[in-house]
Amino acid sequence: LSICIKDCEGKNAGYTSKSSVLTADMRTMLNDLPAGTPFTVRVTVVDDTGRDWDVPDAEFLWKG
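Residue numbers (the working numbering): 13 to 76.
Structure below.
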């Protein structure tokens, strides 16, 4: 699970976790965003057999 934003200079910034749950750092990053900031959630799914599943990125607009 990855949460990605563009920083002040337009570079990708964010956090990645092997868990399916938002980490404390991810929550803090989102809570600190100004209203109207877009962010992307990327998910990688691997099943018990090791098969990767395609999951499209989800884009959101933070409302504060």
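Ideal Cβ positions, reconstructed from N, Cα and C, are used throughout, including at glycine.
So which of Ser14, Asn24, Lys23 and Leu73 has the shortest CA-CA distance to Asp37? Each of Ser14, Asn24, Lys23 and Leu73 was checked against the Cα of Asp37, and the nearest Cα belongs to Ser14.
Nearest to Asp66 by CA position, among Val55, Arg39, Phe72 and Leu73, is which residue? Checking every option, the nearest Cα to that of Asp66 belongs to Val55.
Ala70 to Ile17 span [Cα, whole Å]: Between Ala70 and Ile17, the C-alpha separation is close to 12 angstroms.
Return the CA-CA distance between Ser68 and Val53, expressed in angstroms with no decimal places. The amino acid occupying residue 68 in the given sequence is Pro; Ser does not appear at that position. Approximately 9 angstroms between the Cα atoms of the pair.
Going by C-alpha distance, which of Thr49, Asp59 and Lys23 is nearest Gly76? For Gly76, the nearest C-alpha among the options comes from Thr49.
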